[in-house]
Every structure is written in C-alpha cells, then in structure tokens.
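Below: one structure, written as structure tokens.
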Amino acid sequence: MQQQDLYPKVYLYRRIVYAKLFIDEHFADKIDLDNIAGEAAFSKFHFIRLFNSVYNKTPHQYLSHLRIEKAKGLLKTNMAVADVCYAVGFESVSSFTGLFKRLTGSTPASYQLQQHQKLNAVANAPLRFIPNCFAEKNGWATNSNFEEAV
Amino acid sequence: MITKLSHISIFVLDQDSAYDFYINKLGFKVHTDAPMGPGMRWLTVCTPDQPELEITLMAISEGMMFSKESAVVMKELVSKGTFGFGVFECDNLLVTYEELKAKGVEFTKPPTKEFYGFEALFKDDSGNWFSLGQKGNL
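Listed in order, the protein sequences are those of chains Z and G. Following the numbering used here, the residues of the first sequence are numbered contiguously, the last one being 150. Following the numbering used here, the residues of the second sequence are numbered contiguously, the last one being 138.
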C-alpha cells in the first residue's frame with residue numbers, strides 16, 4: 001500500500017516534522033516562530049494547531065522544553081549556570097532559572113550539584129551501577145560489590 | 001515472583017557509534033556511562049518514558065563477554081541483520097517515521113497496517129532490527 005493511500009496528509013506531517021527538526025537544530029538561536037510557520041507554508045495559527053496536534057506542545061512550548069533538556073545535558077559538565085543559560089538560547093539567567101525550576105522541580109545549580117554527585121559516584125565506584133553477573137562476565141569484578149560492602 | 005525487567009542487552013559493533021544512534025537519532029537518554037578500563041565501557045540508555053529499564057549497549061569484542069572466535073561470529077550475525085531485539089512504541093508512527101528517516105535512520109519496512117496493528121521496522125547502526133509501533137495500536 002502506498003504511503004499516500006495509507007495517510008493522505010503525509011505531506012502535512014512532513015512539513016511539521018521538518019519545522020520541528022529546524023527547531024532541534026537552531027534551538028540556541030533567536031528563533032522566530034512566525035518565520036518557521038512561513039517556511040513550512042502555513043499560517044501561524046494553522047502551524048501552531050498542527051504542531052500541537054502532532055507533538056502535544058505548541059512550537060513555543062517545545063522550544064522551551066528543548067532548551068531545558070539541552071541545559072540539563074550541559075549542566076552535567078563543569079559549565080557555569082550562566083554560561084549554560086546563554087548557550088541554550090536564553091537571554092536572562094533569571095528567566096532561565098525560573099523556567100528550569102518550573103519544568104524540573106530543581107534550580108539549575110542544585111540540578112548540577114546532583115548530577116555531579118551522581119557522575120562522581122559512577123566514576124569512583126562503577127561496579128555499584130553494574131549488575132554483578134555482567135561485571136563478572138567482563139572480568140571487572142575483581143573488586144566486587146560484595147567486597148566493597150564488607 | 002519476577003516483577004519486572006530492569007536490564008536488557010543489545011549487542012553493538014561500536015559503542016561510540018551506537019551512542020550517537022540511540023541518543024542523537026532515536027532520542028534516548030543516557031542512564032549510565034562508565035569507562036571500565038582500556039577499550040571497555042559500561043553504557044546503558046533508556047527511552048524517555050521508561051527510565052527504569054536500562055538498555056545495555058554491549059560491545060561485541062574479545063574479552064567483553066566473548067571469546068575471540070565468538071566475537072567474530074557474533075559481529076557477522078549482527079551485521080547481517082540476524083537479530084530483532086524488540087518492539088518500541090511511539091505516540092504517532094507516521095510522524096516518528098518521517099522524523100527518524102530525516103535523521104538518517106534506515107527503515108526496512110515503512111508504516112504498514114497489519115492485522116495485528118500498525119508498525120514499521122528499522123535497523124540500528126549495527127544491523128539489529130526493531131519493530132516500531134503506535135501506542136494503543138500494536
């Protein structure tokens with residue numbers, strides 16, 4: 001069965017998908033969602049409605065969500081919170097911090113601290129995070145979890 | 001009584017390439033990434049809505065669970081698409097298909113209505129294949 005027969009509006013999906021991929025690529029830039037709607041050959045209203053129906057978020061909500069997700073990744077490094085804020089496209093640290101806390105429940109600084117603690121724990125005692133059967137199979141279990149626990 | 005699955009392994013030819021495929025193309029999250037000495041790495045990922053199920057991207061290499069001979073045989077089997085490791089689910093199959101295809105994911109079967117549901121098949125960068133179904137329709 002041809003895809004067009006299966007779903008006659010596949011071309012609409014494609015335009016929405018490409019708009020979403022454009023946001024994925026340019027999230028850190030000043031994105032004008034009106035322009036994206038124009039590029040996708042939709043009116044702004046039609047574009048927002050279709051995007052929302054496909055991704056369960058308006059384009060603006062998706063962009064905010066994506067920037068926060070990218071920020072979460074950068075906060076796992078040693079990058080300063082303010083630098084992360086600007087790197088993912090926010091223009092003020094206070095708006096970044098407010099949105100980050102609203103979406104994740106933590107401030108960027110406390111999230112960064114938690115992540116660093118987790119990464120340090122993995123680096124210092126990786127066998128605590130690996131089922132022992134795999135560790136033994138791979139020959140990593142000379143200092144096994146059982147020995148550490150004693 | 002067994003209550004749930006916590007880890008499942010997918011055997012991959014190259015962990016760096018698999019990381020790129022599963023994280024940057026499929027959109028999975030890194031769960032644990034721990035270097036375990038020269039050429040060895042414990043790498044697990046998870047789907048966004050199922051963080052409790054760790055998918056281990058297990059390198060097929062001598063010393064990593066495999067003898068030299070077994071690694072050669074396993075690499076050949078994986079490369080030629082012998083193994084299908086499971087079924088993933090998405091909210092909208094047509095959208096996900098278009099998006100993954102645009103990112104370079106190879107589909108061996110486009111979204112197709114079957115008697116059991118609506119599915120597509122894709123391959124990872126090593127050659128493992130998966131079914132992709134639409135939530136509530138597979």
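Cβ atoms here follow ideal geometry from the backbone N, Cα and C, with glycine treated the same way.
In terms of Cα proximity to D91 (chain G), the closest of Z:R15, Z:V54 and Z:S43 is Z:V54.
Distance from V122 (chain Z) to T32 (chain G) at the Cβ level is roughly 6 Å; contact confirmed, criterion being Cβ atoms closer than 8 Å. Where R67 (chain Z) is concerned, the enclosing alpha helix (DSSP H) starts and stops at P59 to L75. By the 16-neighbour rule on beta-carbons within 10 angstroms, E119 (chain G) is buried. Under a 10 Å Cβ-count criterion, K72 (chain Z) is classified as buried, with 16 or more other Cβ atoms of the shown protein chains found around its own Cβ. Only those residues of the region 118–129 of chain Z whose C-beta falls short of 8 Å from the nearest C-beta of chain G are listed: V122, A123, P126 and F129. DSSP, reduced to helix, strand and coil, places M1 (chain G) outside both helices and strands of the structure shown, so it counts as coil. Within 10 angstroms of the beta-carbon of R128 (chain Z) lie fewer than 16 other beta-carbons, which makes it exposed.
Annotation: the continuous alpha helix (DSSP H) that includes T97 (chain Z) extends over V93 to T104. Chain Z places a beta carbon closer than 9 Å to that of V95 (chain G), counting this residue as a contact. Neighbourhood of N92 (chain G) in chain Z, by CB distance below 7 Å: V54, in chain order. Neighbours of Y18 (chain Z) in chain G, taken as residues whose beta carbon is under 8 Å from its own, are A102 in chain order. For A109 (chain Z), the uninterrupted alpha helix (DSSP H) run begins and ends at P108 to N124, by DSSP. By the neighbour-count criterion, in which 16 or more other beta carbons inside 10 Å mark a residue as buried, Y19 (chain G) falls on the buried side. Within the model, the alpha-carbon separation for H116 (chain Z) versus H46 (chain Z) is close to 43 Å. In the DSSP annotation of this structure, the continuous segment of the alpha helix (DSSP H) that includes K68 (chain G) starts and ends at K68 to S79.
Assignment of G38 (chain Z) by DSSP, reduced to helix, strand and coil, places it in the helix class. Under a criterion of Cβ atoms nearer than 7 Å, the residues of chain Z adjacent to W42 (chain G) are, in order, P126 and I130. Annotation: V12 (chain G) to F28 (chain G) spans about 16 Å, alpha carbon to alpha carbon. By the beta-carbon neighbour count (other beta carbons within 10 angstroms, threshold 16), T77 (chain Z) is exposed. Scanning the region 29–111 of chain G from its first residue to its last, the whole alpha helix (DSSP H) runs of 4-plus residues come out as 68–79 and 93–102.
By the Cβ-count criterion, N128 (chain G) is buried, with 16 or more other Cβ atoms from all chains shown falling within 10 Å of its own Cβ. In the DSSP assignment, L132 (chain G) falls within the unbroken beta strand (DSSP E) covering W129 to Q134.
The beta-carbon of K57 (chain Z) is placed no less than 9 Å from the nearest beta-carbon of chain G.
Using a Cβ distance threshold of 9 Å, N138 (chain Z) and M64 (chain G) count as a contacting pair.
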